[in-house]
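Input: a single structure, listed below in structure tokens.
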Amino acid sequence: MLLAGMAFVVALVATTRAVEDAAEEKISKDLLRTLEAFQQLSRSTQTRIRDVAKARSRDRTFLDVALTVNSNDNAAGLEEGDDELAGVQGAHEVILSADTEVFGWIKQGERIWAFFNLNNRLVFSHGDDEQVGNTVDLPVLDQARSKGSASVLWSPADLSRLPFTFVPRERIRQGDLLLVHAHLATTLGDEKRPEQSPRPIASPGHEEKQSLRPIGVVLSGRWVSDLLLENSVEQGVAGPAIRDARARFALLAEDGSLATTLPGFASVLDTKKDFSATEPRKVRIGEDRYLVREDVFQDVEGTPIGRVFVLRDLDAEIEPILTGFRTRLLPTSVVVVLLALAMAVLLARHLSAPLVQLEAAARRVRLGSLDVEVPVRGADEVGRLTGAFNEMVAGLRQRDQIQGLFKRYLAPQVVDELIRNPEKAAPGGERRELTVLFSDLVGFTTMSEEMSPEELVEVLNGYFERATEVLGQHGATLDKFIGDAIMCFWNAPLPQEDHAARACLTALRLLAVVDALAPELEAHGIKRLDCRIGINTGPGVVGNIGSRAAQDYTVIGDTVNLASRLEGAAKVYGTRILVSEETLRASRGVVLARELDLLRVKGRQLPVRVYELVDVAGATPPVHLSRFAEGLALYRARRFAEAREAFLASPEDPPSLVFAARCEAWVSRPPPEDWDGVFSIESK
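Under this note's numbering, the first residue of the sequence shown carries the number 24, and numbering increases by one thereafter.
Rendered as structure tokens:
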């Protein structure tokens, strides 16, 4: 029953989402079509304004007055003197009287147009008769004279800042925009007789003898809310119809002024939303979600003059669809739930017997028995569940085996990784590049003679506790404790690309552990302890090695032997950490080290270049390091007397004193001619 209910909820949510997406996609396409129709309507409207301006310029009375006021300003009454405006006022009166119903589709009180002669003199305006005759400087007039026509969107603020009254203040509509079209009025005339009367219609066959004469600029204006933002426009009057009554529009001028049929849209623009011109976006206006598309608003010539937005209310349109869908879905869901319940009862009876058997097996596992195995019957869900249960028990057995084998040697996170990937801990040996570390306490034998066995074990356990914590922090695999010595290695059972660097840093940390432990022992009257460490990197065989009765996860090979020899050789040089050249190269510069010698140890014919670890990389090197390097170069050049002096310059450095003694011996008894500078150590 619960499963059926959950399925119903999931299906309802998924289907609701699918319905919403489909509805949004359809609304988005509708918005695109509405936006295209709106753009066609705006172009048709602007074309009509232009055509009306052309028609006005062809009116006989208008042409006569226009040519008169352009012949020269003096003849038009624009000369200086007491009667300077008489002529242009007369022209204004003539045009006003001839203002017939060429704009018949516009109410008489809403006519917004003006006429300027070629010298930018205001000849006629419905706005303010007193300003007739003034010279007006407007970019749109210059654009019309140069291109023939131009359009612009003016806000109420723009209208208030004009140098003439185009629209009286009481008729300016706040929250609206004025679509203004400037058209260069022309007529046909004879270029040789510019003063002759205009002839609007040329005689057939004589067009080539005539040319268009500019007579001024007609400036027309229509409110955006009247012409462009209506939800339904009669087809054929102003171009393609916008019949989507659900759409809301907004027009944004270049200066940020807005005209809209959705007042709340202004607040969305204030939030700096980035509306794409190609993809719709969702915005929230009040409590409703809207889908909005945007496009460039252009004039008739294709010049951008603003931005246009078209919106639809998603909540108002999608919610009725979802309500109907949920109403139809409910009866279907009840039937589905009842069928699911019946099937569940049948399946429960079929599955109950093997499930009871699985339950009994699970109880045995809970009590610690991991030798349980339930017979698998069939390949259905119960059969697969039984198989998974058997695999789980086998995995638990394997996990216990891995934990028992590795928990003594590895950090807990490494054991967890082996449990997740048991094939990495398979029995047998594997050849791998390894870094091996041997560590031994100096002075432990003397200390054991001075302490009781109980005290000795307590001290040793305290040291091992801190040391193994350091090993775990650097991902070491603890091989074994040998008395007071430690053997560990890296890069097995899990790969570690920086295994040499980890070993070097571990060695430096182990010295810090011994240095921290020594004062505690001295406080109890016990002689100070020290530590010697040898590290080598190379190939070795690692794995579970031993018999069936007893196995150890360990590493064997020449790499291990050399690491042990280097730990012992550190005593010869008086150093604390001795590493091979291969280890230092593989550590990739994480530590500061100095070259000590070419060393041949017992059991190896080839010498190895050995180094002393001094500190982590970036630490300030001691002064004696450079003196030692100088002495070592002289030593290998067989300039033993000079080398001895260089070594004796660092009496605080034990390796320098060791090499000074060698030089002393070679000065009195020089080495043979084939001497290669290799020092041999036959004992550990």
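All residues carry an ideal CB built from backbone N, CA and C; glycine is no exception.
Predicted model only: the values in this text are computed from it and were never measured.
According to DSSP, residues forming a beta bridge with residue i
{"i": "M470", "result": "Bridge partners of M470: none, in fact."}
{"i": "W136", "result": "S243"}
{"i": "L501", "result": "C511"}
{"i": "V16", "result": "What the structure shows of the chain is the stretch from 24 to 707, and residue 16 is not part of that stretch, so it cannot be assessed."}
{"i": "A652", "result": "Its beta-bridge partners do not exist; DSSP assigns none."}
{"i": "E453", "result": "V565"}
{"i": "C554", "result": "L464"}
{"i": "L207", "result": "V240"}
{"i": "A276", "result": "G329"}
{"i": "V175", "result": "V203"}
{"i": "Y313", "result": "V306, D336"}
{"i": "T355", "result": "According to DSSP, T355 bridges with nothing at all."}
Residue burial classification, residue i (beta-carbon count within 10 angstroms, cutoff 16)
{"i": "S462", "result": "buried"}
{"i": "P303", "result": "buried"}
{"i": "H547", "result": "exposed"}
{"i": "I579", "result": "exposed"}
{"i": "T326", "result": "exposed"}
{"i": "R56", "result": "exposed"}
{"i": "V33", "result": "exposed"}
{"i": "S183", "result": "exposed"}
{"i": "E414", "result": "exposed"}
{"i": "A664", "result": "exposed"}
{"i": "M366", "result": "exposed"}
{"i": "E675", "result": "exposed"}
{"i": "I238", "result": "buried"}
{"i": "V331", "result": "buried"}
{"i": "I505", "result": "exposed"}
{"i": "V203", "result": "buried"}
{"i": "P377", "result": "buried"}
Rounded straight-line distance, which links the Cα of residue j to that of residue i
{"i": "L517", "j": "A592", "result": "30 Å"}
{"i": "P644", "j": "E705", "result": "32 Å"}
{"i": "R623", "j": "R632", "result": "9 Å"}
{"i": "S174", "j": "V163", "result": "7 Å"}
{"i": "K559", "j": "E477", "result": "For clarity, residue 559 is Asn in the given sequence; the question names Lys instead. Computed Cα separation, rounded: 35 Å."}
{"i": "Q62", "j": "F320", "result": "7 Å"}
{"i": "V54", "j": "R316", "result": "One point to set straight first is that residue 54 is Leu, not Val, in the sequence displayed. Distance between the alpha carbons of L54 and R316 is about 7 Å."}
{"i": "V614", "j": "H522", "result": "13 Å"}
{"i": "T582", "j": "L483", "result": "27 Å"}
{"i": "A276", "j": "A289", "result": "13 Å"}
{"i": "K170", "j": "I308", "result": "41 Å"}
{"i": "R717", "j": "W177", "result": "No information on residue 717 is available, as it lies outside the stretch 24 to 707 that the chain covers here."}
{"i": "V690", "j": "C527", "result": "36 Å"}
{"i": "A640", "j": "T529", "result": "14 Å"}
{"i": "Q166", "j": "K52", "result": "37 Å"}
{"i": "P542", "j": "R667", "result": "36 Å"}
{"i": "D199", "j": "P343", "result": "33 Å"}
{"i": "R551", "j": "G466", "result": "8 Å"}
{"i": "L494", "j": "E520", "result": "17 Å"}
{"i": "E605", "j": "G561", "result": "7 Å"}
Which of helix, strand or coil DSSP assigns to residue i
{"i": "V399", "result": "coil"}
{"i": "A672", "result": "coil"}
{"i": "T577", "result": "strand"}
{"i": "H149", "result": "coil"}
{"i": "F332", "result": "strand"}
{"i": "R269", "result": "coil"}
{"i": "F187", "result": "coil"}
{"i": "N157", "result": "coil"}
{"i": "A282", "result": "strand"}
{"i": "Q321", "result": "strand"}
{"i": "N143", "result": "coil"}
{"i": "T346", "result": "helix"}
{"i": "L517", "result": "coil"}
{"i": "T409", "result": "helix"}
{"i": "T458", "result": "strand"}
{"i": "T560", "result": "strand"}
{"i": "Q258", "result": "Because Q258 carries a pLDDT of 38, less than 50, the predicted location of this residue cannot be relied on, and the following value inherits that uncertainty. In this structure, Q258 counts as coil in the three-state DSSP scheme."}
{"i": "G495", "result": "helix"}
{"i": "G591", "result": "helix"}
{"i": "I72", "result": "helix"}
Within-9 Å CB hit, residue i to chain B
{"i": "E687", "result": "No chain B appears in the structure shown, which is made up of a single protein chain."}
In the region 600-645, which residue ranges form an unbroken beta strand (DSSP E) of at least 3 residues, counting only runs that do not cross its ends?
-> Scanning the region 600-645 for uninterrupted beta strand (DSSP E) segments of 3 residues or longer gives 600-603, 614-624, 631-639, listed from N- to C-terminal end.
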